[in-house]
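Notes follow once the structure below has been shown.
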Amino acid sequence: MSLDTMDIFGTERVISMKPVNKFMYKHSGQSMSPVHSSFYVKQENNEFFEESGGIYLVRRGSMLRKSDNDNRIGHVNVDEISGLDINSKFGWSLAKILAKKIN
Numbered sequence: 002m003s004l005d006t007m008d009i010f011g012t013e014r015v016i017s018m019k020p021v022n023k024f025m026y027k028h029s030g031q032s033m034s035p036v037h038s039s040f041y042v043k044q045e046n047n048e049f050f051e052e053s054g055g056i057y058l059v060r061r062g063s064m065l066r067k068s069d070n071d072n073r074i075g076h077v078n079v080d081e082i083s084g085l086d087i088n089s090k091f092g093w094s095l096a097k098i099l100a101k102k103i104n
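Heads up: the sequence shown begins at 2 in our numbering, then just goes up one per residue.
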């Protein structure tokens, strides 16, 4: 699936991602302000994504050359379980519990 995404969209990289369904804020120096211009209207082009799931595909040879195509990054969406980050003892414990429930 990731290789197909790379070929179809002509990208040099493909990363597994999941949408971030939270209100995002940035600090303006004095207070917090929403990143989105509207809380109530959700537009796909304003949606935020985060790397998740650990799939990172890079076309062979693209790391050695600089090109405008290197800025085009494809993605594959992963669900909550597939995108679970295991980078702590708590994450590992949670993954063990989920694995028992799935099997």
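Think of the CB as a built atom: it goes at the ideal place given N, C-alpha and C, for glycine as much as any other residue.
No experiment lies behind these values; they were computed from the predicted model shown.
What do you get for residue i, buried or exposed, if any count of 16 or more other CB atoms within 10 angstroms of its CB means buried?
i	result
Gly-30	exposed
Gly-11	exposed
Gly-92	exposed
Glu-48	exposed
Met-1	Absent from the structure is residue 1, since the part of the chain shown begins at 2 and ends at 104.
Which stretch, first to last residue, makes up the alpha helix (DSSP H) that contains residue i?
i	result
Ile-1	Outside the displayed span of the chain (2 to 104) sits residue 1, for which this structure offers no information.
Do residue i and residue j have their C-beta atoms closer together than 8 Å?
i	j	result
Gly-54	Val-21	no
Lys-27	Ser-34	yes
Val-59	Glu-13	yes
Ala-96	Ile-103	no
Enumerate in chain order the residues of its own chain whose CB-to-CB distance from residue i is below 7 Å, with the five nearest sequence positions on each side excluded.
i	result
Tyr-57	Ile-16
If I measure Cβ to Cβ from residue i and keep anything under 8 Å in the same chain, skipping five residues before and after, which residues do I get?
i	result
Leu-99	Ile-82 and Leu-85
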